[in-house]
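Visitor:
Residue numbers (the working numbering): 533 to 586.
1. Between the beta-carbon of residue 554 and the beta-carbon of residue 580, is there less than 9 Å?
2. Return yes when the Cβ of residue 558 is within less than 9 Å of the Cβ of residue 565, no when it is not.
3. Beta-carbon within less than 6 Å of residue 552's beta-carbon, same chain only, minus the 5 sequence neighbours each way: which residues are those?
4. Of the residues 547, 542 and 548, which one's Cα is nearest the Cα of residue 556?
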């Protein structure tokens with residue numbers, strides 16, 4: 533995603549209290565490095581640990 537769009541997205545997350553972490557890739561589009569895989573694993577673990585709302 534181009535830097536201006538990334539910046540706008542991060543600003544919206546911050547304004548709305550979204551828990552987020554930016555992980556920068558180093559390869560081609562859709563290539564995931566170890567840091568990106570780790571961030572996704574952590575994100576999914578947080579989702580699974582959160583209580584469900586009904």
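Just so you know, even glycine gets a beta-carbon here, dropped at the ideal spot from N, CA and C.
Guide: From the atom records:
1. no
2. The criterion of a C-beta distance shorter than 9 Å is satisfied by residue 565 and residue 558.
3. Only residues of its own chain outside the window of five on either side were considered, and among them 545 have a CB closer than 6 Å to the CB of residue 552, listed in chain order.
4. 542
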